[in-house]
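Note that the protein sequences, when read in sequence, are chains A and B.
Counting from 1, one number per residue, gives the positions in the first sequence under this note's numbering.
Counting from 112, one number per residue, gives the positions in the second sequence under this note's numbering.
Where a beta carbon is used, it is the ideal one built from N, C-alpha and C, also for glycine.
Keep in mind that this is a model prediction, so the values were computed, not measured.
Working notes, beginning with the structure itself.
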Amino acid sequence: DTEVTQTPKHLVMGMTNKKSLKCEQHMGHRAMYWYKQKAKKPPELMFVYSYEKLSINESVPSRFSPECPNSSLLNLHLHALQPEDSALYLCASSRPSSEQFFGPGTRLTVL
Amino acid sequence: SQQGEEDPQALSIQEGENATMNCSYKTSINNLQWYRQNSGRGLVHLILIRSNEREKHSGRLRVTLDTSKKSSSLLITASRAADTASYFCATQFYSGYSTLTFGKGTMLLVSP
Chain A
1 DTEVTQTPKH LVMGMTNKKS LKCEQHMGHR AMYWYKQKAK KPPELMFVYS
51 YEKLSINESV PSRFSPECPN SSLLNLHLHA LQPEDSALYL CASSRPSSEQ
101 FFGPGTRLTV L
Chain B
112 SQQGEEDPQA LSIQEGENAT MNCSYKTSIN NLQWYRQNSG RGLVHLILIR
162 SNEREKHSGR LRVTLDTSKK SSSLLITASR AADTASYFCA TQFYSGYSTL
212 TFGKGTMLLV SP
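In structure tokens:
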């Protein structure tokens with residue numbers, strides 16, 4: 001299985017809502033990543049988990065809260081988001097120093 | 112922060128023609144990777160070239176890497192309409208965990 005799955009595919013939320021994005025992989029990768037991508041821009045790294053521990057937080061606002069419950073799952077909890085947070089959120093996983101496998105993304109719209 | 116610069120930003124060609132995209136970067140790397148993205152969905156890994164390699168082939172893809180000039184190129188030969196997508200280069204540096212830094216990307220349109 002070389003697939004990274006993400007749910008939901010689309011999410012519309014208000015600025016007072018709490019929601020979560022989910023990501024799963026069964027390739028045995030011990031590194032998992034969250035990226036944010038705005039239209040016509042490259043992906044921007046948000047968080048890196050290595051062996052279920054948060055290794056990198058690229059100065060992401062606290063309204064984004066990552067969680068890695070186990071080696072296969074990665075969540076991104078969302079609370080009190082702003083309209084400018086609307087974007088495609090991509091999850092990826094990898095072995096060390098190797099290519100990353102990306103999920104299809106969650107298209108998030110904040111009203 | 113973005114490290115790579117890609118050139119051109121957009122490229123429009125006819126089916127059967129070759130497409131060449133270039134990428135420049137600024138700091139030391141372990142490897143450089145190319146990814147394709149269709150219509151704002153997930154990225155698909157195309158090819159990885161390590162810092163001690165100069166050229167690599169995969170099917171219709173040819174990648175070169177010049178570490179002295181900090182640049183790479185991706186050549187797609189005999190392009191097809193299905194190659195229409197955005198192409199990103201990404202540099203990787205490993206220091207206990209690996210991160211990718213993406214270039215701005217090239218939008219390729221292949222017309223039938």
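Original post:
What are the boundary residues of the beta strand (DSSP E) that includes residue 26(A)?
Top reply: Locating residue 26(A) in the first sequence gives position 26, counting from the first residue. Where residue 26(A) is concerned, there is no enclosing beta strand (DSSP E), given that its DSSP letter is neither H nor E.
**OP:** Please list the residues of the region 42-73 of chain A that have a C-beta atom closer than 7 Å to any C-beta atom in chain B, keeping them in chain order.
**Re:** Per Cβ criterion, the list reads 42, 43, 45, 48, 50, 55 and 56.
Original post:
Among 182(B), 220(B), 200(B) and 132(B), which one has its Cα closest to the Cα of residue 154(B)?
Top reply: In the second sequence, residue 154(B) corresponds to position 43, counting from 1. Considering only alpha carbons, the answer is 200(B).
Original post:
Whose Cβ in chain B lies nearer than 8 Å to the Cβ of residue 105(A)?
Top reply: Looking up residue 105(A) in the first sequence gives position 105. Neighbours of residue 105(A) on chain B, chain order: 151, 152 and 153.
Original post:
For residue 220(B), which residues from the same chain have a beta carbon less than 8 Å from its beta carbon, with the 5 sequence-adjacent residues on both sides left out?
Top reply: On the second sequence, residue 220(B) is found 109 positions in, with the first residue counted as 1. Short of 8 Å from the beta carbon of residue 220(B), and not among the five residues preceding or following it, lie these beta carbons of its own chain, in chain order: 121, 122, 123, 124 and 195.
Original post:
Looking at residue 202(B) and residue 140(B), is the spacing between their C-beta atoms short of 7 Å?
Top reply: Indexing the second sequence from 1 puts residue 140(B) at position 29. Indexing the second sequence from 1 puts residue 202(B) at position 91. Yes, the Cβ-Cβ distance between residue 140(B) and residue 202(B) is below 7 Å.
**OP:** Scan the region 181-199 of chain B for residues whose Cβ lies nearer than 7 Å to a Cβ of chain A and list them as they occur along the chain.
**Re:** Of all residues in the region 181-199 of chain B, 199 have a Cβ within less than 7 Å of some Cβ in chain A.
Subject >> residue 213(B) at chain A interface by Cβ criterion, 7 Å >> reply: Looking up residue 213(B) in the second sequence gives position 102. It does: the Cβ of residue 213(B) has a partner Cβ on chain A nearer than 7 Å.
**OP:** Taking residue 182(B) as the reference, give the member of 146(B), 156(B), 126(B) and 160(B) with the closest Cα.
**Re:** Counting from 1 along the second sequence, the entry for residue 182(B) is found at position 71. Ranking 146(B), 156(B), 126(B) and 160(B) by Cα distance to residue 182(B) puts 160(B) first.
Original post:
Which chain B residues sit within Cβ distance under 9 Å of residue 80(A)?
Top reply: Here residue 80(A) refers to the residue found at position 80 when the first sequence is read from its first residue. Per Cβ cutoff of 9 Å: no residues; residue 80(A) is ~25 Å from chain B at best.
**OP:** Pull up the DSSP beta-bridge partners for residue 36(A), would you.
**Re:** Counting from one through the first sequence, the residue named residue 36(A) turns up at place 36. Listed as beta-bridge partners of residue 36(A) by DSSP are 44(A) and 89(A).
**OP:** Mind reading off the beta-carbon distance from residue 211(B) to residue 187(B)? Whole number of angstroms is fine, and I expect it under 8 Å.
**Re:** As a working note, residue 211(B) is residue 100 in the second sequence. As a working note, residue 187(B) is residue 76 in the second sequence. No, residue 211(B) and residue 187(B) are not in contact; Cβ-Cβ is about 21 Å, not under 8 Å.
Subject >> Chain-ordered chain B contacts of residue 87(A) [CB-CB under 8 Å] >> reply: For this step, residue 87(A) is matched to residue 87 along the first sequence. At a C-beta separation below 8 Å, residue 87(A) has no neighbours in chain B, since its nearest C-beta there lies roughly 10 Å away.
**OP:** With DSSP as the reference, please indicate the residues paired to residue 187(B) in a beta bridge.
**Re:** Against the second sequence, residue 187(B) aligns to sequence position 76. Looking at the DSSP assignment, residue 187(B) forms a beta bridge with 130(B) and 172(B).
**OP:** Kindly indicate which three-state DSSP category residue 262(B) falls into: helix, strand or coil?
**Re:** Since the first residue of chain B shown is 112 and the last is 223, residue 262(B) is not available in this structure.
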